[in-house]
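Presented below is the structure to which this report refers.
2 protein chains.
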Amino acid sequence: MTTRLCLTLFLITTSFTVSADIKPSNNIEYPSDWQNWASIAVSHRTDNNTLRLIIGNNIAVKAARSGKTNPWPEGAIIGKVVWKETQLENWQAAVVPKQLVHTEFMFKDSKKYSKTHGWGWARWVGLEKKAFNKGTEVCSSCHSAVKNRNWVFTDPAQFPEIP
Amino acid sequence: MTTRLCLTLFLITTSFTVSADIKPSNNIEYPSDWQNWASIAVSHRTDNNTLRLIIGNNIAVKAARSGKTNPWPEGAIIGKVVWKETQLENWQAAVVPKQLVHTEFMFKDSKKYSKTHGWGWARWVGLEKKAFNKGTEVCSSCHSAVKNRNWVFTDPAQFPEIP
Chain P
24 MTTRLCLTLF LITTSFTVSA DIKPSNNIEY PSDWQNWASI AVSHRTDNNT LRLIIGNNIA
84 VKAARSGKTN PWPEGAIIGK VVWKETQLEN WQAAVVPKQL VHTEFMFKDS KKYSKTHGWG
144 WARWVGLEKK AFNKGTEVCS SCHSAVKNRN WVFTDPAQFP EIP
Chain V
24 MTTRLCLTLF LITTSFTVSA DIKPSNNIEY PSDWQNWASI AVSHRTDNNT LRLIIGNNIA
84 VKAARSGKTN PWPEGAIIGK VVWKETQLEN WQAAVVPKQL VHTEFMFKDS KKYSKTHGWG
144 WARWVGLEKK AFNKGTEVCS SCHSAVKNRN WVFTDPAQFP EIP
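So the protein sequences, as listed, match chains P and V. For what it's worth, our numbering labels the leading residue of the first sequence as 24, then goes sequentially. For what it's worth, our numbering labels the leading residue of the second sequence as 24, then goes sequentially.
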């Protein structure tokens, strides 16, 4: 009985610890439930051998599907899931995801993030979700190449309309 | 007034027509709302220059994220969205989606589809969702290479657990 109680307490504690352990990145909280968000696009970066899935919250997906992305609407969150690439064992010409590298997010809020081009920039590294905290300059310096596209590289992919 | 009424009737008729125009593929109805499904993986087929997004209904995504995919559970629907590839204008080493080629789905129902390896196989071509009806043999002949993986090529990608 004591063993069972201890096990239960241990499991409860562990469960809470996992959640509480995710630190903010650049002062931004980890977005909840993004793993179930719909998709905006995919990409294969041949310069660093990674595959990417680009997802969004409802506001971002609606904007992407209707082509209203310059600027992206207030409240939009765009996420990028990045994996190292590998060959699919049963179809060697297919390049597919292996280890998760990190997940990155851009949070559109023109007022809150007025000093960083209207976007909040955040990254969590690996399956352990280690918060990246080297500042937003690391993100925006690269994204400055697309400042005329509201700082976003992604072209939303074509999706058939929902009937 | 008459013009307005005619326009309204025209719009209503058109709206219904679009939905009714999607024909079954291999006797399978077009799955509803798949555009909002969560993701399982992505891939880049270098043999035919396409990018792919692999998505699933709730049953399939739950199985994928927990590694319970051999066999995939009853009721699982796996979707593949296929685009021709292009280079991203602002980052040329990034291969990204261009025209939509087709969307394909596998429907797991061991009883209903007992004659086709426990899966229903369907495809709708292009943004116009033209039903593919050349039979399931076209699908399963290729997928026979992975019959020991319950007929599915995709390895679910690593996603960080939802806290």
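Positions of the beta carbon are idealized from the N, C-alpha and C atoms, including for glycine. Keep in mind it's a predicted model, so treat the numbers as computed, not measured.
Roughly how many angstroms lie between the CA atoms of residue i and residue j, to the nearest whole one?
i      : j      : result
V/S62  : V/A154 : 23 Å
V/F182 : V/N50  : 34 Å
P/D132 : P/T159 : 15 Å
P/D56  : P/I82  : 15 Å
V/P94  : V/N71  : 28 Å
V/K135 : P/Q58  : 31 Å
V/S167 : P/N156 : 47 Å
V/T69  : V/F130 : 26 Å
P/W137 : P/P96  : Residue identity check: residue 137 of chain P is Ser in the sequence provided, not Trp. In a straight line, the C-alpha of P/S137 is about 14 Å away from that of P/P96.
P/Y53  : V/R88  : 19 Å
V/N171 : V/A86  : 17 Å
P/S38  : P/I101 : Residue confidence for P/S38 is low, a pLDDT of 42 falling below 50, so the modelled location carries little weight; the figure read from the coordinates is stated next. Going from the Cα of P/S38 to the Cα of P/I101 covers about 27 Å.
P/N113 : V/N113 : 33 Å
V/T73  : P/T73  : 16 Å
V/N173 : P/N173 : 44 Å
Which whole-angstrom value describes the C-beta separation of residue i and residue j, a residue pair presumed to lie in contact below a C-beta threshold of 8 Å?
i      : j      : result
V/V119 : V/R75  : The Cβ separation is near 12 Å, so there is no contact.
P/E127 : P/K103 : 5 Å
P/C162 : P/W144 : 4 Å
V/T92  : V/V169 : Actually they are not in contact, since the Cβ atoms of V/T92 and V/V169 sit about 11 Å apart, beyond 8 Å.
P/K121 : P/T139 : No, P/K121 and P/T139 are not in contact; Cβ-Cβ is about 32 Å, not under 8 Å.
V/L111 : P/S66  : 7 Å
P/A64  : P/N80  : Their Cβ separation, rounded to whole angstroms, is 15 Å, which puts P/A64 and P/N80 out of contact at 8 Å.
P/W60  : P/I45  : About 17 Å; that fails the 8 Å criterion.
V/H125 : V/W147 : 6 Å
Run through chain P and tell me which residues come within less than 9 Å of residue i, C-beta to C-beta.
i      : result
V/T92  : In chain order: nothing, as chain P lies at least about 14 Å away.
V/F155 : Residues of chain P passing the Cβ test: none, with the nearest at roughly 14 Å.
Using a C-beta to C-beta distance shorter than 7 Å, which residues of chain V count as neighbours of residue i?
i      : result
P/A64  : V119 and P120
P/A116 : R68, T69 and D70
Count the other CB atoms within 10 Å of the CB of residue i; is the residue buried (16 or more) or exposed (fewer)?
i      : result
P/I185 : exposed
P/T177 : buried
V/G149 : exposed
V/T36  : Caution is warranted here: a pLDDT of 45 is assigned to V/T36, below 50, making its placement in the model unreliable, and no coordinate value can be reported.
P/A116 : exposed
P/G90  : exposed
P/P179 : buried
P/S48  : buried
V/V84  : buried
Closer than 6 Å: is that where the CB of residue i sits relative to any heavy atom of the ligand MG?
i      : result
V/P186 : Looking for the ligand MG in the displayed structure turns up nothing, as the structure carries no ligands at all.
Against residue i, what residues of chain P qualify as contacts under a CB-to-CB distance less than 7 Å, listed in chain order?
i      : result
V/F130 : Under the 7 Å cutoff, chain P gives no residues; its nearest Cβ is about 18 Å from V/F130.
V/K152 : P183
V/A180 : W106 and P120
Please list, in chain order, the chain V residues whose beta carbon lies closer than 8 Å to that of residue i.
i      : result
P/N113 : A168, V169, R172 and F176
P/I78  : S62
P/H140 : None at all; the shortest Cβ gap to chain V is about 16 Å.
Starting from residue i, find everything on chain P with Cβ-Cβ shorter than 8 Å and list it in chain order.
i      : result
V/A99  : Within 8 Å Cβ-Cβ: nothing; V/A99 doesn't reach chain P, min ~16 Å.
V/T126 : P183
Review point. What are the residues of the segment 47-61 of chain P that lie near chain B, defined by any Cβ-Cβ distance shorter than 9 Å?
Key: Reference to chain B is not applicable here, since the protein chains of this structure are P and V.
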